[in-house]
Amino acid sequence: MTKRRPVTFNHNPLLKNGLPGWRVRVVMLGLMCGSLALTGRAAYLQGVNNDFLQAKGESRYARVIEAPATRGRVTDRNGDMLAVSTPVRSIWAIPSDAQLSPADMRKLAALLEIDVQELDRRLGSGREFVYLKRQLSPELAQQIADLKLPGIHQQQEFRRYYPGGEVMAHVLGFTGVDDKGQEGVELAFENSLAGKPGVRRVIRDRRGQVVDDVEWVRSPRDGEDLALSVDSKIQYIAYSALRQAMTTHKAKAGASVVLDARTGEILALVNAPTYNPNNRTDLSGAQLRNRVFTDTFEPGSTMKPFTIALALERGKVRPGSMVDTGAGRITIGKATISDSHHNGMLSVAQVIQKSSNVGTVKIAMNFQPEEMWRNFDALGFGKPLSLGFPGEAGGRLRPAHTWKPVEQATMSFGHGISVSLIQLAHAYLVFARDGEMVPLSLRKLDGPPAGGKRVFSSETVHEMRAMLEMVVSPGGTAPRAQISGYRVAGKTGTAHKLEGGHYANKYVSSFVGMVPASDPRIIVAVMIDEPSAGQYYGGTVAAPVFAQIAEGALRTLGVPPDAPLVPLQLAQKAGDPPPVKESM
Numbered sequence: 198m199t200k201r202r203p204v205t206f207n208h209n210p211l212l213k214n215g216l217p218g219w220r221v222r223v224v225m226l227g228l229m230c231g232s233l234a235l236t237g238r239a240a241y242l243q244g245v246n247n248d249f250l251q252a253k254g255e256s257r258y259a260r261v262i263e264a265p266a267t268r269g270r271v272t273d274r275n276g277d278m279l280a281v282s283t284p285v286r287s288i289w290a291i292p293s294d295a296q297l298s299p300a301d302m303r304k305l306a307a308l309l310e311i312d313v314q315e316l317d318r319r320l321g322s323g324r325e326f327v328y329l330k331r332q333l334s335p336e337l338a339q340q341i342a343d344l345k346l347p348g349i350h351q352q353q354e355f356r357r358y359y360p361g362g363e364v365m366a367h368v369l370g371f372t373g374v375d376d377k378g379q380e381g382v383e384l385a386f387e388n389s390l391a392g393k394p395g396v397r398r399v400i401r402d403r404r405g406q407v408v409d410d411v412e413w414v415r416s417p418r419d420g421e422d423l424a425l426s427v428d429s430k431i432q433y434i435a436y437s438a439l440r441q442a443m444t445t446h447k448a449k450a451g452a453s454v455v456l457d458a459r460t461g462e463i464l465a466l467v468n469a470p471t472y473n474p475n476n477r478t479d480l481s482g483a484q485l486r487n488r489v490f491t492d493t494f495e496p497g498s499t500m501k502p503f504t505i506a507l508a509l510e511r512g513k514v515r516p517g518s519m520v521d522t523g524a525g526r527i528t529i530g531k532a533t534i535s536d537s538h539h540n541g542m543l544s545v546a547q548v549i550q551k552s553s554n555v556g557t558v559k560i561a562m563n564f565q566p567e568e569m570w571r572n573f574d575a576l577g578f579g580k581p582l583s584l585g586f587p588g589e590a591g592g593r594l595r596p597a598h599t600w601k602p603v604e605q606a607t608m609s610f611g612h613g614i615s616v617s618l619i620q621l622a623h624a625y626l627v628f629a630r631d632g633e634m635v636p637l638s639l640r641k642l643d644g645p646p647a648g649g650k651r652v653f654s655s656e657t658v659h660e661m662r663a664m665l666e667m668v669v670s671p672g673g674t675a676p677r678a679q680i681s682g683y684r685v686a687g688k689t690g691t692a693h694k695l696e697g698g699h700y701a702n703k704y705v706s707s708f709v710g711m712v713p714a715s716d717p718r719i720i721v722a723v724m725i726d727e728p729s730a731g732q733y734y735g736g737t738v739a740a741p742v743f744a745q746i747a748e749g750a751l752r753t754l755g756v757p758p759d760a761p762l763v764p765l766q767l768a769q770k771a772g773d774p775p776p777v778k779e780s781m
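Below, the structure written as structure tokens:
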């Protein structure tokens with residue numbers, strides 16, 4: 198047997214079949230091309246187009262966040278602060294990152310003042326972003342930041358603060374949690390008060406905390422400051438007087454407005470009940486209603502001066518013209534209109550002084566319905582003033598062609614027509630400005646008012662002011678509206694409330710007046726809704742409120758007296774007759 202010789206691996210016959218040379222070259226060429234491609238790509242990204250890599254890197258630590266803008270401040274006409282934004286913090290979370298231990302959950306829930314179960318529900322919502330608590334004080338927010346909890350973040354916001362509280366509530370309104378206007382001036386002037394937030398690019402650490410500012414994408418634009426026409430001192434005077442009247446007469450609600458007769462600026466605007474805009478928990482709709490603008494009512498006898506002024510303007514009567522009111526009753530169709538007293542023959546001036554329904558109707562029936570309608574329309578009734586307040590009512594003034602004779606008669610003394618208190622006060626500007634109407638303004642004006650229109654001649658207005666002074670004098674319906682040292686002109690109103698299409702045994706008492714009557718500086722309108730303490734006539738319920746507000750406003754404005762400083766109680770002891778009860 199022949200012995201085989203061992204064969205090593207490198208002498209294996211199979212290896213003697215060499216690979217083709219072209220395959221080696223192809224592999225080498227492929228490797229070289231791949232290397233060149235990678236080198237070229239790296240050179241392109243690093244040298245030519247490095248934005249891609251930069252963006253990918255920044256996406257892991259850079260963020261674009263919103264920078265809030267400060268809402269504009271609101272001041273009164275004298276620069277006193279009425280509304281200002283204060284910095285607060287909001288706590289938010291990325292639920293997927295917020296892996297908290299039970300102990301951390303309890304600590305966070307205690308600081309946020311929420312239940313642990315509620316906190317757990319929010320963090321387990323599966324959402325990418327969730328607010329845990331908004332508008333926290335900076336001190337409390339810092340305590341939360343000190344916990345250094347993963348996935349829990351903060352951002353700066355602003356909260357509105359109202360130093361005047363409930364006194365200014367219905368003027369200013371309030372903002373929501375996003376610092377956007379919800380009511381009052383805050384809503385009416387939202388476009389100018391609201392700023393425009395900015396955007397900035399920042400670097401955050403792994404906990405989400407900002408560690409460096411990179412750049413501003415857009416700078417924030419703060420809101421514009423707003424100077425109101427309101428005088429905070431007069432506002433407080435009106436608020437105190439209205440609140441006292443509400444208590445005295447056990448009324449359901451009330452409202453008052455003070456106008457600058459020279460400019461049409463609103464110096465005060467108050468409502469009751471009211472609320473504290475800094476703490477709006479457990480609010481009712483009654484508290485939020487700005488009754489000066491939203492509530493309409495039949496104005497009653499406060500409408501009579503406009504009917505008489507139209508008759509004077511058209512030459513139908515003169516102040517001394519006599520009107521036979523007979524036994525104080527007049528029948529039109531099936532309806533009978535009556536006075537509270539049997540006055541017999543009255544002059545036109547006495548028709549206003551005694552507030553005679555019958556006398557007013559007899560004068561009004563000299564007109565065609567269209568003439569009266571045009572007069573009411575020119576005075577602004579039946580349409581809102583468009584000052585921007587939410588819910589501003591236009592009242593009710595039906596077209597003239599629908600009027601029946603009895604409806605024309607009742608509208609002449611303020612029934613069958615509805616107005617808001619601001620409309621009524623605005624209309625009385627014609628008697629304070631020698632027959633001219635000007636728009637009202639909530640902004641402080643730096644010059645004379647624009648957009649005035651003439652409704653009555655100055656001669657008619659002077660005669661009407663003299664008649665309205667008689668209303669406040671002894672023998673009129675409102676001697677309690679007198680102010681020592683000043684001549685007062687005004688008119689009372691008392692009307693049954695219309696409920697469910699029928700007149701209820703409830704009343705709205707009102708008074709609108711101007712002072713000093715020789716050269717009016719202010720107009721004050723007062724409305725008391727459902728007084729229930731036994732008195733309900735405008736002369737006994739609303740007129741004293743007018744006197745209290747007007748006296749304080751005159752003192753605040755420094756208006757000089759235009760009458761002797763005679764103590765009012767002495768004048769009423771001289772055998773003067775008691776106040777006349779107005780007709781309803």
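For the sequence shown, the numbering used here gives the first residue as 198, with consecutive numbering after it. No residue lacks a Cβ here, since even glycine has one placed at the ideal position from N, Cα and C.
1) Can you give me the Cβ contacts of D773 inside the same chain, cut-off strictly under 6 Å, excluding the 5 residues immediately before and after it?
2) Between H446 and P470, what straight-line distance do the alpha-carbon atoms span, to the nearest angstrom?
3) Does the distance from the CB of P347 to the CB of D294 come in under 7 Å?
4) Output yes or no for whether 7 Å exceeds the beta carbon distance between G517 and S544.
5) With H, G and I counted as helix, E and B as strand and the rest as coil, what does DSSP make of T283?
6) Less than 6 Å between C-beta atoms, sequence neighbours within five positions excluded: which residues of the same chain meet that for A306?
7) Going straight from the alpha carbon of H623 to that of S707, what length do you get?
8) Considering only residues of the segment 556 to 633, which uninterrupted alpha helix (DSSP H) runs meet the minimum length of 4 residues and lie entirely inside it, listed in chain order?
9) May I have the straight-line CA-CA distance separating W570 from T599, to the nearest angstrom?
10) Which residues bound the beta strand (DSSP E) around Y704?
11) Give the secondary structure of L297 by DSSP, where H, G and I count as helix, E and B as strand, and everything else as coil.
12) Taking 7 Å as the cut-off, decide whether the C-beta atoms of A629 and I746 are in contact.
13) Could you check whether V454 and I619 sit closer than 7 Å to each other, using their CB atoms as the reference points?
14) What is the DSSP secondary structure of L480, reduced to helix, strand or coil?
15) So G611 packs on E727, CB below 8 Å; how close in whole Å?
16) How is the alpha helix (DSSP H) around Y358 delimited, first residue to last?
17) Write down the C-beta distance between A366 and Y433 rounded to the nearest angstrom, noting that I regard them as a contact closer than 8 Å.
18) From the DSSP output, which residues share a beta bridge with Y683?
19) Apply the 10 Å Cβ neighbour rule to R238 and answer buried if 16 or more other Cβ atoms are within range, or exposed otherwise.
20) Taking the C-alpha atoms as reference points, what is the distance between M278 and D419?
21) Let me confirm a value: L767 is counted as buried when at least 16 other C-beta atoms fall within 10 Å, else exposed. Which label applies?
22) Apart from the five residues just before and just after E604, which ones in its own chain have a Cβ nearer than 7 Å to its Cβ?
23) Residue range of the beta strand (DSSP E) that A722 falls in?
24) Figure out for me which residue from D716, P646, R595, K580 has the closest Cα to the Cα of E666.
25) Output the residue ranges of the alpha helix (DSSP H) runs that lie fully inside the segment 496 to 539 and measure 4 residues or longer, sorted by chain position.
26) Could you say which of V327, Y734, A675 lies nearest to I549 if we only look at CA atoms?
27) What three-state label does DSSP hand K173 in the structure shown?
28) If you scan the segment 419 to 478 from start to end, which runs of the alpha helix (DSSP H) of 4 or more residues do you find wholly inside it?
29) Reducing DSSP to helix, strand and coil, say where T267 ends up.
Judging by the given coordinates:
1) In this prediction, D773 scores a pLDDT of 46, lower than 50, which makes its location untrustworthy; the coordinate-derived value is nonetheless stated afterwards. Taken in chain order, the residues that qualify are P671.
2) 14 Å
3) yes
4) yes
5) strand
6) V313, L316
7) 15 Å
8) 566 to 575, 602 to 609, 618 to 624, 626 to 629
9) 11 Å
10) 699 to 712
11) coil
12) no
13) yes
14) coil
15) About 18 Å separates the two Cβ atoms, so there is no contact after all.
16) Looking at the DSSP string, Y358 is not in any alpha helix (DSSP H); the run it does join, the beta strand (DSSP E), is 349 to 358.
17) With a Cβ gap of about 13 Å, A366 and Y433 do not count as contacting.
18) I680
19) exposed
20) 17 Å
21) Here L767 scores only 42 on pLDDT, less than 50, and its place in the model is too uncertain to base an answer on.
22) G613
23) 719 to 726
24) D716
25) 501 to 510
26) A675
27) For residue 173 there is no data in the structure shown, the boundaries of the chain being 198 and 781.
28) 429 to 446
29) coil
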